[in-house]
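By this note's numbering, the letter at position 112 of the sequence shown is numbered 442, and the numbering carries on one by one without gaps. Cβ coordinates follow ideal geometry from the N, Cα and C atoms, glycine included. Note that this is a predicted model, so its numbers are computed, not measured. Report on the following structure.
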Amino acid sequence: MNPEIMGDFRPVIDALYRLLGQFPNLPAAEFSFGTIVYRGEVMPGMEITRHGSFADFEAWREALSIDATTVTWKSNNCANAPYQLLRADGTFNGTPVLLACFTSAALAPEPVTAPAG
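Shown next, in the form of C-alpha cells:
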C-alpha cells in the first residue's frame, strides 16, 4: 500500500513508540519513517540505522525478533573510508522495519573461513 495521507503512518509511529518503551536500553540509533520498499512492496514503514559495532546490530536484531536469515553483509574497501554494512528486515508490531548498521572496517570482525582440507 502506497501511503496517501499522514494518517497512513500512524501504525509506524505507534510501533516506534512501543519499541522505545519496550527497549529503552538499546544502543542509540537513527530512525526514519516513510514509504519504504519491503520485500518488493511499497508501504509505510521505518528504517533504523546504527553507526557502531556489529554487536549493536545484533542487539537490535534480537530485540526486533528479526530472523537471522534475512541478514546481508556488504564491505566497501575504499581507501578513504572503508566500512562494512549489515542489513536485515522484518516487522515489529506489524510494521515493516529495515535495520542497518555501518561500522568501520577496522572495527569489524575478520570473516570466518572454512579450514583447508
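What is the DSSP secondary structure of L416, reduced to helix, strand or coil?
strand
Proximity below 7 Å, CB of N423 to CB of A359:
In this structure, A359 does not lie closer than 7 Å to N423 by Cβ.
Does the distance from the C-beta atom of P357 to that of D386 stay below 7 Å?
yes
Between the alpha carbons of A389 and G382, how many angstroms are there, rounded?
12 Å
Nearest candidate by alpha-carbon position, reference P374, set E392, T399, P333, L394
P333
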